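For reference, the structure is listed below as structure tokens.
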Amino acid sequence: GQQLNQSPQSMFIQEGEDVSMNCTSSSIFNTWLWYKQDPGEGPVLLIALYKAGELTSNGRLTAQFGITRKDSFLNISASIPSDVGIYFCAGPPLSGNTGKLIFGQGTTLQVKP
Amino acid sequence: NAGVTQTPKFQVLKTGQSMTLQCAQDMNHEYMSWYRQDPGMGLRLIHYSVGAGITDQGEVPNGYNVSRSTTEDFPLRLLSAAPSQTSVYFCASSYRWPGLAGGSSYNEQFFGPGTRLTVL
Numbered sequence: 001g002q003q004l005n006q007s008p009q010s011m012f013i014q015e016g017e018d019v020s021m022n023c024t025s026s027s028i029f030n031t032w033l034w035y036k037q038d039p040g041e042g043p044v045l046l047i048a049l050y051k052a053g054e055l056t057s058n059g060r061l062t063a064q065f066g067i068t069r070k071d072s073f074l075n076i077s078a079s080i081p082s083d084v085g086i087y088f089c090a091g092p093p094l095s096g097n098t099g100k101l102i103f104g105q106g107t108t109l110q111v112k113p
Numbered sequence: 001n002a003g004v005t006q007t008p009k010f011q012v013l014k015t016g017q018s019m020t021l022q023c024a025q026d027m028n029h030e031y032m033s034w035y036r037q038d039p040g041m042g043l044r045l046i047h048y049s050v051g052a053g054i055t056d057q058g059e060v061p062n063g064y065n066v067s068r069s070t071t072e073d074f075p076l077r078l079l080s081a082a083p084s085q086t087s088v089y090f091c092a093s094s095y096r097w098p099g100l101a102g103g104s105s106y107n108e109q110f111f112g113p114g115t116r117l118t119v120l
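Protein chains in written order, with the numbering used here: chain A, 1 to 113; chain B, 1 to 120.
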């Protein structure tokens with residue numbers, strides 16, 4: 001079945017650094033969703049992208065819907081300790097309104113104060 | 001609003017036992033879903049429902065049953081637990097399917113706090 005591959009799998013950075021992560025698929029997506037999961041909690045939606053080339057920001061977070069529709073990128077500027085967590089991309093399989101969502105395996109971010 | 005609630009938070013079962021994981025939401029959301037989360041594998045969709053009386057299978061439905069008799073509740077049943085079902089289970093809800101083209105705040109999916117299940 002369709003898979004979403006996230007890169008990198010984990011990152012350990014210094015507070016204040018910028019972070020970039022991406023999500024790729026072998027097939028086209030019409031929607032890209034980015035979630036963050038804090039330790040011990042459920043994921044929370046950060047940014048939703050619905051149009052190829054779309055660039056959307058949410059505070060220090062910026063996400064882009066790749067032109068090829070097969071990838072998406074999430075950037076975090078000036079990281080802070082509360083950015084720690086797992087970041088997931090997600091999207092619907094390309095088979096109409098199936099009601100399904102698939103998730104990437106996640107990028108774990110650790111921030112050193 | 002309480003949002004999405006899940007009970008229990010933790011559960012230990014023996015192989016072959018049955019149990020029901022409860023999920024409820026008070027936001028009048030039509031779309032509800034169950035995921036399992038295993039290390040290094042992200043979240044995988046087990047079952048979902050687009051409204052009361054309507055359910056369908058996700059990626060990994062084997063060993064799990066669901067029903068949706070009301071808009072508010074979406075329980076997940078394990079009929080005969082197996083060690084492979086040891087995982088963290090999340091329930092989620094939204095007004096509409098999050099992947100719906102066009103997008104709006106109605107598509108935003110809210111997750112519960114999770115149930116950590118261990119099967120011995």
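Even glycine gets a Cβ: it sits at the ideal position worked out from N, Cα and C. Keep in mind the model is a prediction, meaning the values are calculated, not measured.
| Under 7 Å from the C-beta of Met41(B): neighbouring residues of chain A | Here residue 41(B) is taken as the residue at index 41 of the second sequence, counted from 1. Within chain A, the residues near Met41(B) are Gln105.
| query | With a Cβ-Cβ cutoff of 8 Å, do Trp97(B) and Gly104(A) count as a contact? | reply | One-based indexing of the second sequence puts residue 97(B) at position 97. One-based indexing of the first sequence puts residue 104(A) at position 104. In this structure, Gly104(A) does not lie closer than 8 Å to Trp97(B) by Cβ.
| request: Please list the residues of the stretch 72–92 of chain B that have a C-beta atom closer than 8 Å to any C-beta atom in chain A, keeping them in chain order. | output: Phe90, Ala92
| request: Consult DSSP for Asn65(B) and reduce its assignment to one of helix, strand or coil. | output: Here residue 65(B) refers to the residue found at position 65 of the second sequence. The answer is strand: DSSP assigns Asn65(B) an E or B state.
| Exposed or buried, Phe73(A), counting other C-beta atoms within 10 Å across all chains shown (16 or more means buried)? | Within the first sequence, residue 73(A) is the residue found at index 73, counting from 1. So Phe73(A) ends up on the buried side.
| task | Please report how far the alpha carbon of Ser80(B) lies from the alpha carbon of Tyr89(B), in whole angstroms. | result | What you label residue 80(B) is simply residue 80 of the second sequence in a count that begins at 1. What you label residue 89(B) is simply residue 89 of the second sequence in a count that begins at 1. So the alpha carbons of these two residues sit roughly 16 Å apart.
| field | Min CB distance Leu33(A) to chain B below 8 Å | value | Here residue 33(A) corresponds to residue number 33 of the first sequence, with the count starting at 1. So, interface residue.
| Along the chain, where does the beta strand (DSSP E) that runs through Tyr48(B) open and close? | Here residue 48(B) refers to the residue found at position 48 when the second sequence is read from its first residue. It spans 43–51 - the beta strand (DSSP E) in which Tyr48(B) sits, taken as one unbroken run.
| Tell me, which residues are paired with Thr115(B) by DSSP? | One-based indexing of the second sequence puts residue 115(B) at position 115. Bridge partners of Thr115(B): Tyr89(B).
| query | What residue range is occupied by the uninterrupted beta strand (DSSP E) comprising Leu100(B)? | reply | Stepping through the second sequence from its first residue, residue 100(B) is reached at position 100. Taken as a continuous stretch (DSSP letters only), Leu100(B) belongs to no beta strand (DSSP E), as it is neither H nor E.
| field | For Thr68(A), the residue or residues it bridges with in DSSP | value | Position 68 of the first sequence, counted from the first residue, corresponds to residue 68(A). Looking at the DSSP assignment, Thr68(A) forms no beta bridge with any residue, so it has no partner.
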